[in-house]
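Only one structure is covered here, and it is reproduced in the block below.
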């Protein structure tokens, strides 16, 4: 059986050794992104306004909840946020404006934080699947190398159905792995984009309190 060092060129030729999933071990192998993993956000990182707890339950304020959902939605362009907030602020009792705008932020924070947590869990599952696939590809690469490098092998054996099927499966798994790996950078950007939206909406709400 060939040594692992003898089989290494095959893996390197596939480009798998450069993959984040197959790179040097990290403290959390289920986190493929460069940014530090923070599962849940604290609102204090975005909000310096009134205490959210003192503002009351945002879900019980129908108008504030509707606005919060609209501001949290990525279908709402950030260029629309100022207009939506101004329209809301003009309709509320001035004495209640700070409290009700705080409820709006509370809603936006809860919605976006929840969405971000869902994305984070999805990234973890994605990385776990990639790691399992990477391990399978390693095993397949070893078996293909063994068949080709075995002293008893000849052209007939290499071309046998077993060897052909194994190499076909190996190539298919490699293709899937590489295609999925190309999307890692995009997937890892989503939590950051949600954080950026939360911070921008928070800034604009606080400017009106």
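Numbering (mature numbering (1 follows the signal peptide of the UniProt record, and there is no 0)), first residue to last: -23 to -1, 1 to 186. Even for Gly, the Cβ is constructed at its ideal location relative to N, Cα and C.
Heavy atom of the ligand NAD within 6 Å of residue i beta-carbon
i           : result
residue 164 : As for the ligand NAD, it is missing from this structure, which has no ligand bound.
For residue i, the first and last residue of its enclosing alpha helix (DSSP H)
i           : result
residue 72  : Per DSSP, residue 72 belongs to no alpha helix (DSSP H) and is neither H nor E.
residue 182 : 161 to 183
Cβ shell of residue i (< 8 Å), same chain only, five flanking positions each side left out
i          : result
residue 25 : 183
residue 33 : 76, 80
residue 38 : 77, 80
residue 47 : 53, 61
Buried or exposed by the 16-neighbour rule on C-beta atoms within 10 Å, applied to residue i
i           : result
residue 30  : exposed
residue 84  : buried
residue 98  : exposed
residue 122 : buried
Residues of its chain near residue i, where Cβ-Cβ distance is below 7 Å and the 5 sequence neighbours each way are ignored
i           : result
residue 167 : 96
residue 181 : 58, 59, 62
Contacting residues, own chain, Cβ-Cβ under 6 Å from residue i (five flanking each side not counted)
i           : result
residue 147 : 117, 121
- At what residue ranges does the stretch 12 to 66 contain a whole run of the alpha helix (DSSP H), taking only runs of 4 or more? 29 to 32, 39 to 49
- Message: Does the contact criterion of 3 or more C-beta pairs under 8 Å hold for the stretch 53 to 73 versus the stretch 99 to 110?
- Response: no
- Between the stretch 52 to 62 and the stretch 12 to 20, do three or more beta carbon pairs fall short of 8 Å? no
- Taking one C-beta from the stretch 170 to 178 and one from the stretch 88 to 101 each time, how about it: are there three or more such pairs within less than 8 Å? yes
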